[in-house]
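Structure first, commentary second.
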Amino acid sequence: MKKEKNIENNTNSNNSSIVRGSNSSKRWSQAIAFTIFKLMSYSVVAILILILGFIVSKGIGAISWDFLTKAPEDGMTKGGIYPAIVGTLYLVLGSSLFSFPIGIMSGIYMNEYAAGSKIATFIRIMTNNLSGVPSVVFGLFGMSLFVNTMGFGDSILAGSLTLGLLSLPLVIRTTEESLKAIDFSYREGSLALGATKLQTIRKVVLPMAFPNIITGLILSIGRVSGETAPILFTVAAYFLPKLPTSIFDQVMALPYHLYVITTSGTNIEASREIAYGTALVLIFIVLLVNILSTILRNYFSKKVKTN
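The sequence shown lines up with residues -1 to 305 when you count with my numbering.
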């Protein structure tokens, strides 16, 4: 009996040692994995800080009131970038007016009216494929359709429609995923109280999904504000030191202006500081848009919780 008890105790102690060893090994593996993930995250932040620091150090000397409020001069080696700033804002606004309503309504249709259907699956596949098309292809398509076939010429209208097509897949997918995140019980409760499907979507679902939808909208703005290829074929002017007077005029834009003065300007070395200053202004605009999206997201999130 004593031998059997000793054997049993030894077996239990061995099993306990094995379990402790296994738990210790798992903890070490987990600690190593978390450390690797943390280092990778920090490396991304470090790269971003490095890029921003480089642009700021090179471009801060060009930033002044005249640089932000005057037109280019002397073959774009002097003066400011005011027409390019205004042109970029016009294009962002025009593309948003086109892509936001169509993208949001398409997302609502796919999730609320055609969920699980073949047509919704087909639209989703086409949207995903469209999001993978290079931006230069959008530029060529916009030139063929809006500039030549529809006769808009190189204009704000043609550029805005092209950029709107470019951002449309992102708006559709963001809207659909935001609506999917809303629990179906809210829809059932609204319908049980006698509300119609449209009233449920407008009064219940959309307000709850709106913070996430805003994030997608702002991301699309950030993307189109930095695109060069689509506006190269549809709207951007090499040198145009005046503001547009209609939607059928050409404009200067920050991305194309930056490309021009760094690759084919009249005096590339003399305009080097202006190029870095232009890049800094473009980054600041995108940063400002992202900050605005965060503020709006937090505001509407609090509003949804209070209601």
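Cβ coordinates follow ideal geometry from the N, Cα and C atoms, glycine included.
Since the model is a prediction, treat every value here as computed from it, not as a measurement.
{"query": "Please state whether DSSP places GLU71 in a helix, a strand or coil.", "result": "strand"}
{"query": "Check whether the Cβ atoms of MET74 and SER262 lie closer than 8 Å to each other.", "result": "no"}
{"query": "Out of ILE53, PHE282, ALA113, state which residue places its alpha-carbon closest to the alpha-carbon of GLY220.", "result": "PHE282"}
{"query": "Could you compute how far the alpha carbon of ASP247 sits from the alpha carbon of LEU168?", "result": "28 Å"}
{"query": "Starting from PRO205, follow the alpha helix (DSSP H) in both directions and report where the run begins and ends.", "result": "204 to 222"}
{"query": "What is the rounded straight-line gap between the Cα of LYS300 and the Cα of SER23?", "result": "43 Å"}
{"query": "Is it buried or exposed for ARG25, if we count other Cβ within 10 angstroms and need 16 for buried?", "result": "exposed"}
{"query": "Taking only three categories from DSSP, how would you classify VAL249?", "result": "strand"}
{"query": "Name the residue from TYR236, TYR274, LEU143 whose alpha carbon lies nearest to the alpha carbon of PRO81.", "result": "TYR236"}
{"query": "Which of helix, strand or coil does DSSP assign to GLY151?", "result": "coil"}
{"query": "Using the Cα positions of THR33 and PHE96, report the straight-line distance between them to the nearest angstrom.", "result": "45 Å"}
{"query": "Does VAL43 pass the burial test, meaning 16 or more other C-beta atoms within 10 Å, or should it be called exposed?", "result": "exposed"}
{"query": "How long is the line joining the alpha carbons of MET141 and ASP152, rounded to whole angstroms?", "result": "8 Å"}
{"query": "Where does GLY77 fall in DSSP's three states?", "result": "strand"}
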